[in-house]
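Chemist:
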Amino acid sequence: MTVSELLASLNRAADSPAILTEDERKEILATCDTLRTKLENPMEATIRYVLSPIQAVALELAVDMKLFDIAASLSPDKKGFGIDDLVSRMDKEADPTLVVRVVRFMVVMGIFKEVGPGQYTSAPLAGAYVSTSPLSQCVIHMNSQSKVITSLNAYFEENGYKSPGDAYNGPFQYARNTKLHCFDWLATQPRLQNAFNVVMTIPRGGKGPKWFEIFPTSSKLQVKSPEDVLLVDIGGGIGHDLIAFKKHFPDSPGTLIVQDIPVVVDSTENLPSGIQAMKHDMFTPQPIKSAKAYYLANVLHDWPDKQALKILGNIKEAMNEDSILLISENVLPDWNVPLASAYADFVMMANFSALERTEEQFKALLENAGFELVKAWAADDAPKSDGRRLLEAVPRK
Numbered sequence: 198m199t200v201s202e203l204l205a206s207l208n209r210a211a212d213s214p215a216i217l218t219e220d221e222r223k224e225i226l227a228t229c230d231t232l233r234t235k236l237e238n239p240m241e242a243t244i245r246y247v248l249s250p251i252q253a254v255a256l257e258l259a260v261d262m263k264l265f266d267i268a269a270s271l272s273p274d275k276k277g278f279g280i281d282d283l284v285s286r287m288d289k290e291a292d293p294t295l296v297v298r299v300v301r302f303m304v305v306m307g308i309f310k311e312v313g314p315g316q317y318t319s320a321p322l323a324g325a326y327v328s329t330s331p332l333s334q335c336v337i338h339m340n341s342q343s344k345v346i347t348s349l350n351a352y353f354e355e356n357g358y359k360s361p362g363d364a365y366n367g368p369f370q371y372a373r374n375t376k377l378h379c380f381d382w383l384a385t386q387p388r389l390q391n392a393f394n395v396v397m398t399i400p401r402g403g404k405g406p407k408w409f410e411i412f413p414t415s416s417k418l419q420v421k422s423p424e425d426v427l428l429v430d431i432g433g434g435i436g437h438d439l440i441a442f443k444k445h446f447p448d449s450p451g452t453l454i455v456q457d458i459p460v461v462v463d464s465t466e467n468l469p470s471g472i473q474a475m476k477h478d479m480f481t482p483q484p485i486k487s488a489k490a491y492y493l494a495n496v497l498h499d500w501p502d503k504q505a506l507k508i509l510g511n512i513k514e515a516m517n518e519d520s521i522l523l524i525s526e527n528v529l530p531d532w533n534v535p536l537a538s539a540y541a542d543f544v545m546m547a548n549f550s551a552l553e554r555t556e557e558q559f560k561a562l563l564e565n566a567g568f569e570l571v572k573a574w575a576a577d578d579a580p581k582s583d584g585r586r587l588l589e590a591v592p593r594k
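Laid out in structure tokens, this is it:
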């Protein structure tokens with residue numbers, strides 16, 4: 198195939214994308230990345246690596262300036278807008294030159310389109326970053342965490358090149374010049390706390406099934422009396438998982454309880470009947486005894502083994518012989534780790550002195566806490582790239 202034929206083929210695929218499965222979509226993206234890597238020279242690759250954080254900064258600037266909100270209100274007919282249109286509708290006074298520079302970057306990133314000198318329209322992606330979209334809060338949240346990641350080099354140079362293992366004395370405390378844990382510090386930052394709360398409502402599994410659709414819920418989650426506690430969602434935020442569970446199983450007997458720190462529980466509103474919100478520090482004894490199931494979703498990857506063992510120990514002490522532990526997490530493969538998981542691992546290391554774990558690492562952690570791993574559940578038709586698992590464990594006898 199000649200270069201011109203290759204380009205023509207790629208352009209046809211870009212203009213008329215086929216209907217793809219999730220695996221096919223991911224495979225094509227991976228192939229595109231491989232092609233780019235092979236075509237780039239070392240200088241081009243280096244520039245792409247070291248300058249990529251600027252995109253995140255520019256995107257957050259556009260979110261903070263509400264450029265996507267304004268653009269959405271200006272161009273419903275797709276005729277476009279100019280810089281003056283944006284500046285005149287901004288909540289805060291802004292220099293038109295700065296707006297031009299931010300908008301120009303959004304064009305380069307494919308979020309805005311340039312239709313003429315000084316004239317723009319919104320690409321479909323722009324709608325993802327309006328203020329009402331959870332992804333706009335994701336930008337704010339992740340950029341806040343990235344500020345700690347940029348301090349990793351200085352941290353390791355000063356403290357030695359070993360993986361951090363204490364959530365209260367690691368890169369986060371070094372970068373923020375605080376003795377507070379990341380979550381405690383976050384509670385002092387209302388804007389960032391709100392962004393975190395919103396991000397926690399974004400499903401981790403994409404369009405795939407929920408954990409309770411993968412797990413044999415109807416047979417394994419049963420209580421003897423309607424007054425019994427069926428499920429305790431520890432660190433469950435504002436209750437998004439239990440709300441979904443209740444919607445799927447509206448007649449399931451038993452009480453559902455979501456637990457989190459006070460600042461999070463105080464923000465919960467209008468929980469459905471049958472769901473209770475409870476303030477609880479997971480490092481203190483679990484107040485709900487003998488529940489049928491204790492559930493941790495995206496919790497343990499926030500903690501190194503030192504603190505994770507304390508969390509698991511408090512749960513184990515509250516369980517009876519019929520209780521089970523359910524852990525919903527991204528589980529790293531033993532090899533060929535996806536880029537998104539490698540990113541997540543660095544975020545956990547920087548902000549929590551924690552890590553993304555393999556199944557063997559989860560098994561070892563559970564055994565050290567006195568549990569036995571029963572099974573790692575996954576959807577039968579889950580994409581190969583999906584590392585989401587529901588780990589079922591019971592106290593070791």
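Numbers 198 to 594, taken from the working numbering, label the letters of the sequence shown in order.
For every residue, glycine included, the Cβ atom is placed at its ideal position computed from N, Cα and C.
Since the structure is predicted, the reported quantities are computational estimates derived from the model, not experimental observations.
(1) Give every residue of the same chain whose Cβ lies closer than 6 Å to the Cβ of Ile308, excluding the five residues on either side of it in the sequence, and list them in chain order.
(2) So what does Tyr491 bridge to, in DSSP terms?
(3) Would you kindly report the start and end of the unbroken beta strand (DSSP E) that includes Pro592?
(4) Using a Cβ-Cβ cutoff of less than 8 Å, which residues in the same chain neighbour Phe480 once the five nearest sequence positions on both sides are dropped?
(5) With burial defined as no fewer than 16 other Cβ atoms inside 10 Å of the residue's Cβ, what is the status of Pro361: buried or exposed?
(6) Please list the terminal residues of the continuous alpha helix (DSSP H) segment that includes Lys344.
(7) Short of 6 Å in beta carbon distance, which residues of its chain neighbour Phe412, apart from the five on each side in sequence? Order them along the chain.
(8) Which of the three DSSP states, helix, strand or coil, is assigned to Ala573?
(9) For a test of the three-state rule: what should DSSP assign to Phe309, helix, strand or coil?
(10) Please classify Gln316: does DSSP put it in a helix, a strand, or coil?
(11) Per DSSP, what kind of secondary structure is Phe549 in: helix, strand or coil?
(12) Figure out for me which residue from Asn374, Ala547, Asp531 has the closest Cα to the Cα of Arg554.
(13) What is the residue span of the alpha helix (DSSP H) that Ile399 lies within?
(14) Within 10 angstroms of its Cβ, does Gly434 collect 16 or more other Cβ (buried), or is it exposed?
(15) Name the residue from Asp577, Glu589, Ile225, Ser213 whose alpha carbon lies nearest to the alpha carbon of Pro406.
(16) Rounded to whole angstroms, what is the Cα-Cα separation between Gln595 and Glu569?
(17) Nearest-angstrom Cα distance between Ile244 and Glu237?
(18) In the DSSP output, which residue or residues are listed as bridge partners for Lys476?
(19) Please report the distance separating the alpha-carbon of Ser422 from that of Ala259.
(20) Tell me the rounded alpha-carbon separation between Ile521 and Ser206.
(21) Quick check: the segment 457-471 against the segment 491-499, are there 3 or more CB pairs under 8 Å?
(22) Tell me, please, which residues DSSP counts as bridged to Asn527.
(23) Identify, in the order they occur along the chain, each residue of the same chain with its Cβ nearer than 6 Å to the Cβ of Gly451, setting aside the five sequence neighbours on each side.
(24) Of the choices Leu264, Ala590, Phe543, whose alpha-carbon is the least far from that of Leu349?
(25) Nearest CA to the CA of Lys594: which residue from Asp583, Gly584, Arg585, Val571?
(26) Given Ser270, which residues of its chain have a CB within under 8 Å of its CB, disregarding the five upstream and five downstream residues?
(27) Could you tell me which residues DSSP puts in a beta bridge with Thr452?
Modeler: On the basis of the data shown:
(1) Ala320, Leu322, Ala323
(2) Val429, Leu522
(3) Element bounds for Pro592: 585-592.
(4) Gln504, Lys507, Ile508, Asn511
(5) buried
(6) 331-346
(7) Here Phe412 has Trp574, Leu587 as same chain residues with Cβ atoms under 6 Å from its own Cβ, once five neighbours each way along the sequence are excluded.
(8) Here DSSP, grouped into helix, strand and coil, assigns Ala573 to strand.
(9) Strand.
(10) strand
(11) helix
(12) Asp531
(13) Here Ile399 belongs to no alpha helix (DSSP H), and DSSP marks it neither H nor E.
(14) buried
(15) Checked all of Asp577, Glu589, Ile225, Ser213; the closest Cα to Pro406 is Asp577.
(16) Only positions 198 to 594 of the chain appear in the structure, and residue 595 is not among them; the question remains open.
(17) 10 Å
(18) Asp457
(19) 53 Å
(20) Take the alpha-carbon of Ile521 and the one of Ser206: they are about 53 Å apart.
(21) Cβ pair count under 8 Å is below three, so no.
(22) Beta-bridge annotation (DSSP): Asn527 is paired with Arg585.
(23) Answer for Gly451: Val420, Asp425, Leu427, listed in chain order.
(24) Phe543
(25) Val571
(26) So the list reads Arg286, once near-sequence residues are dropped.
(27) Val426
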